[in-house]
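Remarks on the structure that follows.
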Amino acid sequence: MTGMPLAKCVVAIGRPLGEVVAFRVLESSLNCSVGEMLLFWGRLTWRKTCKNLAGVTFISKTNTLVMRQRAVLPGSRVVLQYWSQVATENYHKECDVQLFGPRGEIVSPPRDQNMRNQGGCRVFINVAPGARIAIHALAIDLGTEANQTSDSYISIRDMHNMKMITFHGQQLFYWESEGSRAEIEFSESFQEDNINFRGQYWILRVKGKSSSRDDLK
Numbered sequence: 390m391t392g393m394p395l396a397k398c399v400v401a402i403g404r405p406l407g408e409v410v411a412f413r414v415l416e417s418s419l420n421c422s423v424g425e426m427l428l429f430w431g432r433l434t435w436r437k438t439c440k441n442l443a444g445v446t447f448i449s450k451t452n453t454l455v456m457r458q459r460a461v462l463p464g465s466r467v468v469l470q471y472w473s474q475v476a477t478e479n480y481h482k483e484c485d486v487q488l489f490g491p492r493g494e495i496v497s498p499p500r501d502q503n504m505r506n507q508g509g510c511r512v513f514i515n516v517a518p519g520a521r522i523a524i525h526a527l528a529i530d531l532g533t534e535a536n537q538t539s540d541s542y543i544s545i546r547d548m549h550n551m552k553m554i555t556f557h558g559q560q561l562f563y564w565e566s567e568g569s570r571a572e573i574e575f576s577e578s579f580q581e582d583n584i585n586f587r588g589q590y591w592i593l594r595v596k597g598k599s600s601s602r603d604d605l606k
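And the structure:
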């Protein structure tokens with residue numbers, strides 16, 4: 390994590406569902422006594438470290454990882470090498486979807502008899518560090534199999550502060566995150582009642598002091 394003039398820099402790495410992110414620390418000159426550190430996090434992962442980093446290898450549990458370097462003294466840095474590999478354990482369902490990039494379309498999961506009784510399907514959205522996410526519901530069609538008392542819902546969780554909001558029925562909504570990661574869950578009734586949802590997301594730029602890079606693929 391070099392070439393960034395600011396004391397705090399952030400790097401985000403994203404891979405398809407079913408893969409994990411691994412990295413090895415090739416070099417570290419962080420001074421722990423003055424509060425310098427390396428922090429990395431993702432779904433099911435959070436760790437802060439500084440001492441004896443050189444040669445350490447870490448493997449995430451899921452397909453995304455964000456790393457933040459906090460340097461105080463001039464010349465302090467961490468040099469990393471990262472790669473992806475097939476996950477040995479999966480923390481997602483077959484109907485889950487991963488979205489990267491500054492904008493995109495969000496649709497409800499397709500109807501699949503094999504996915505019945507396995508809980509709701511999720512959409513994971515990851516954008517560049519320093520950006521926020523806006524989500525706009527454009528259309529919700531309850532279809533012919535759902536009735537006016539359908540218990541369908543869409544939950545959105547802001548992974549920055551872990552706050553969650555739930556929308557019911559045909560409520561068209563607009564939502565903004567505080568951080569760069571969001572998780573949407575469609576209730577089981579979307580598949581059971583053949584309910585269709587269409588929406589979109591885009592990034593909202595945030596001016597900040599941190600420098601960031603992203604490798605979201």
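Going by our numbering, the first residue of the sequence shown is number 390, and it counts up by one from there.
Even glycine gets a Cβ: it sits at the ideal position worked out from N, Cα and C.
Query raised in the report: In chain order, what residues of the same chain lie with their CB nearer than 6 Å to the CB of L419, ignoring the 5 residues before and after it?
Result: Once the five neighbours on either side are set aside, the close Cβ partners of L419 are E425, C439, S465.
Requested in this report: May I have the straight-line CA-CA distance separating S544 from I522, to the nearest angstrom?
Outcome: For S544 and I522, the gap between their C-alpha atoms comes out near 15 Å.
Query raised in the report: Quick one: what's Y590 bridged to in DSSP?
Result: G493, I524.
Report task. Rounded to whole angstroms, what's the CA-CA distance from V410 to W435? Just pull it up for me. Result -> The C-alpha of W435 is placed about 14 Å away from the C-alpha of V410.
Query - Coarse secondary structure for C484, derived from DSSP in three states - result: It is coil, neither helix nor strand.
Query raised in the report: Taking the DSSP output, what are the residues bridged to H557?
Result: The partner list for H557 (beta bridge, DSSP) reads Y542.
Query raised in the report: Using CA coordinates, which residue listed in I584, M548, F489, P518 is at the minimum distance from Y590?
Result: Checking every option, the nearest Cα to that of Y590 belongs to F489.
Query raised in the report: Looking at the structure shown, is C510 part of a helix, part of a strand, or coil, going by DSSP?
Result: Strand at C510.
Query raised in the report: For the candidate residues I573, I584, A528, whose alpha-carbon lies nearest to that of Q560?
Result: With distances taken between Cα atoms, Q560 lies closest to A528.
**Report entry** DSSP state of V516 mapped onto helix, strand, coil
**Finding:** V516 falls in the coil class under three-state DSSP.
Report task. Look at the Cβ atom of N452, then the Cβ atom of G403, and state whether they are nearer than 8 Å. Result -> A contact, by the Cβ cut-off of 8 Å.
Query raised in the report: Using a Cβ-Cβ cut-off of 6 Å (strictly less than) and excluding sequence neighbours within five positions of R546, which residues of its own chain qualify?
Result: Closer than 6 Å at the Cβ level, and outside the excluded window around R546, lie M553, E572.
Query raised in the report: With a CB to CB cut of under 6 Å and the five nearest residues on each side skipped, what residues in its chain are close to V467?
Result: Around V467: M390, S417, L427, Q458.
Query - Neighbourhood of M456 by C-beta, 6 Å cutoff - its chain only, sequence neighbours within 5 removed - result: Taken in chain order, the residues that qualify are V400, F429.
Requested in this report: Return the chain-ordered list of same chain residues with a C-beta closer than 7 Å to the C-beta of H525, the five sequence neighbours on each side being excluded.
Outcome: So the qualifying residues of the chain are Y563, G588, Q589.
Query raised in the report: So does G568 have its beta carbon nearer than 7 Å to some heavy atom of the ligand MG?
Result: Questions concerning the ligand MG fall outside what the structure shown contains, since it holds no ligand whatsoever.
Requested in this report: Return the CA-CA distance between P394 and P499, expressed in angstroms with no decimal places.
Outcome: Below a pLDDT of 50, predicted positions are generally treated as unreliable, and P394, at 48, falls in that range; the measurement from the model is reported next regardless. Straight across, the Cα-Cα distance linking P394 with P499 is about 46 Å.
**Report entry** Beta-carbon proximity list for N585, same chain, < 6 Å, skipping 5 on both sides
**Finding:** Leaving aside the five residues that flank N585 on each side, the residues in its chain whose CB is nearer than 6 Å to its CB run, in chain order, S497, D530.
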